[in-house]
Each structure stands twice: as structure tokens, then as C-alpha cells.
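S.K.: Numbering (our numbering), first residue to last: 57 to 330.
Where is the CB? At the ideal position from N, CA and C, for every residue including glycine.
These numbers were taken from a predicted model, which means no experiment stands behind them.
Before I ask anything, let me first share the structure, which is written out below as C-alpha cells.
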């Protein structure tokens, strides 16, 4: 792209030179870097990357500087959980933090089974109920509950549809963090299963997280347990995430005495923040 020598935002770039039709005596007044950085800090980040940094060398230097993106993180509240660990790329840290969200739809059973595909519906089938014990997140008020036969359900996340384009995923391979909360009634044992897979564009499995089933015995403390896994260094080609979980009770009791699940989560996140 040819460097533009026109005056933009009230000034010219520092490495601009007069055009053939421009008088050599016409003043070229570059902005001080701190002033230019302050202007960029008040522009949409995509505009800084896709427009401003293409104007001239001075603007590119500011738009690419670690100090600019570190300050942008500070102003927008994207903080490091461990201050002793510093990102190697503050711009990547900023955009991953800005886009970070739970990609699972309806993780807390607030909208019935919307977003979920039922795979197995054994016993008296899946059911939704109010949480029997308090969750660490006060927003969790409901959960899915299984029966005496195997109950499983899944979601398949299209990363491109969620704003993570193929080239971004292949080049940066950001960490993909999954978590899930499960628990049992105090008077009945339960089995919990989970399987999360990274898929390519044809939905072939590239990586798989399928731990051994977790069994909670009868007469337990009825507390919530969390399952966490982080995919990293998974190579190019990841386009989908398939999240599957469920379980059943161990007593074969009619009703809904099986495993409870809620607050399921899949996040694309900075490596230092998972």
C-alpha cells in the first residue's frame, strides 16, 4: 500500500515528504508521540489496527507499540491475574481479553434446554430444577439434572461465527479453557462424564479431553465440584469445539437422583489468564 502524504486528523505524518504539487515551503508538523497515542486511545481498536497503522511509519510505530496496548488494557480494566507474569504481546492480550466470554449458550438452564442437543435421555430423562445448594456464583440458580439411565447433551461451537477467524486461530492458537460444575444429592450416588473435543473444518477430532468418569458416593456432602481443562499448543486447523457432558445415578432410583450440571463454560482466553 502506498504511503499516504495527505494531512489527516489535523496533521501530517513525520515521514511524509512533499508531493510534486506541494510547495517545499509548506510546513509539515508531526504530532508528538504522546499526543498521537492519546488520540489513538480514543479511537475504536479495530480502527487503530486496520486504518491508522497503515497511514505512515510514525502512526504504525504508535499503533504497534506495547506501551499503547498496555495503556489500553489499563484504561479498559483488563488486568493480569498474576502481575508477575507479563504478556509477550500486549495487543493480543488486549483483543483476547476484550472478546473473552462464555461461548456456551444457556449454561445455567435458565432457558430450558435451548442451545443444547440431547444425545441420551435415559431413565426419566433430563430435567431442570432449582439448585439444592448454594453455588459459588450467586447468579447460578438452576441446574440440569439426570436420571437413573444415561443422560448426555452437547453443544458444538463454531469459532468463526463467534468472531475467531481461521487465520487468527491458526497463527496465535490462543488457549481454550473449558470448565463445568457438577454435583450430587446427598442421599444418592452419581456418575459424571465430560468430553470436549477440538474439531477441524470437517469436524474431525484434532484434540480430545475425556477424563475418567467421576463417581460421587451416596451420603456425600452435596457440594459443587468443578472440572477444568485448558487446550494449548494444539496446532492449526481448529474450527469448532464440541462440548458434551452428563451422567446418571448409581442407585437406579426412579426420578431425578442423578448428577447435576450447571455453569458450563468454553472461553478463548489469554495464556496468562486461565
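(1) On the three-pair Cβ rule with 8 Å, is the segment 288 to 308 touching the segment 237 to 247?
(2) Can you tell which of 315, 214, 326 and 327 has the C-alpha that lies nearest to the C-alpha of residue 185?
(3) Inspect the beta-carbon positions of residue 287 and residue 322 and report whether they are closer than 7 Å.
(4) Are the segment 220 to 237 and the segment 267 to 286 touching, with three or more C-beta to C-beta distances below 8 Å?
(5) Following the continuous beta strand (DSSP E) through residue 325, name the residue where it begins and the one where it ends.
(6) Our contact map puts residue 239 next to residue 206 with C-beta atoms below 8 Å; I'd like the distance itself, whole angstroms only.
(7) For the beta strand (DSSP E) holding residue 55, just list the boundary residues, first then last.
(8) Is the distance from the Cβ of residue 109 to the Cβ of residue 325 below 7 Å?
(9) Between which two residues does the beta strand (DSSP E) containing residue 262 stretch?
(10) Going by the beta-carbon positions, is the gap between residue 175 and residue 208 smaller than 7 Å?
(11) Alpha helix (DSSP H) containing residue 120: first to last residue?
(12) Just how far apart, CA to CA, sit residue 320 and residue 166?
(13) As a quick exercise: from 135, 275 and 302, pick the residue whose alpha carbon is nearest that of residue 267.
(14) How is residue 211 classed by DSSP in three states: helix, strand or coil?
(15) Is it right to say residue 142 is buried, meaning 16 or more other beta carbons lie within 10 angstroms of its own, or is it exposed?
(16) If you count every other CB in all the chains shown that lies within 10 Å of the CB of residue 188, and 16 or more means buried, which is it?
(17) Using 10 angstroms around the beta-carbon of residue 236, count the other beta-carbons present and answer buried if the total reaches 16, otherwise exposed.
(18) Residues bridged to residue 252 by DSSP?
(19) Determine, using beta carbons only, whether residue 263 and residue 220 come nearer to each other than 7 Å.
(20) In chain order, what residues of the same chain lie with their CB nearer than 7 Å to the CB of residue 296, ignoring the 5 residues before and after it?
(21) Within the continuous beta strand (DSSP E) that includes residue 218, where are the two ends?
(22) Could you check if residue 123 is buried or exposed, using at least 16 other CB atoms within 10 Å of its CB as the buried criterion?
(23) Please classify residue 292 as buried or exposed, where buried requires at least 16 other C-beta atoms within 10 Å of its C-beta.
(24) Answer yes or no: do residue 183 and residue 275 have a C-beta to C-beta separation smaller than 7 Å?
(25) Applying the 10 Å Cβ sphere with the 16-neighbour rule, what's the burial state of residue 271?
M.R.: Considering the structure as presented:
(1) Note that the segment 288 to 308 touches the segment 237 to 247; at least 3 beta-carbon pairs, one per stretch, sit closer than 8 Å.
(2) 315
(3) no
(4) yes
(5) First-last of the beta strand (DSSP E) with residue 325: 316 to 325.
(6) Separation of the CB atoms of residue 239 and residue 206 is rounded to 18 Å, and the pair is thereby denied contact status at 8 Å.
(7) An answer regarding residue 55 cannot be provided, because it is not within the stretch 57 to 330 covered by the chain.
(8) no
(9) 261 to 265
(10) yes
(11) 113 to 120
(12) 12 Å
(13) 302
(14) strand
(15) exposed
(16) exposed
(17) Buried, because 16 or more other Cβ atoms sit within 10 Å of the Cβ of residue 236.
(18) Bridge partners of residue 252: 265 and 299.
(19) no
(20) 212, 213, 214, 215, 255 and 259
(21) Premise fails: residue 218 is in no beta strand (DSSP E) and is neither H nor E.
(22) That one is exposed.
(23) exposed
(24) Using a Cβ distance threshold of 7 Å, residue 183 and residue 275 do not count as a contacting pair.
(25) By the beta-carbon neighbour count (other beta carbons within 10 angstroms, threshold 16), residue 271 is exposed.
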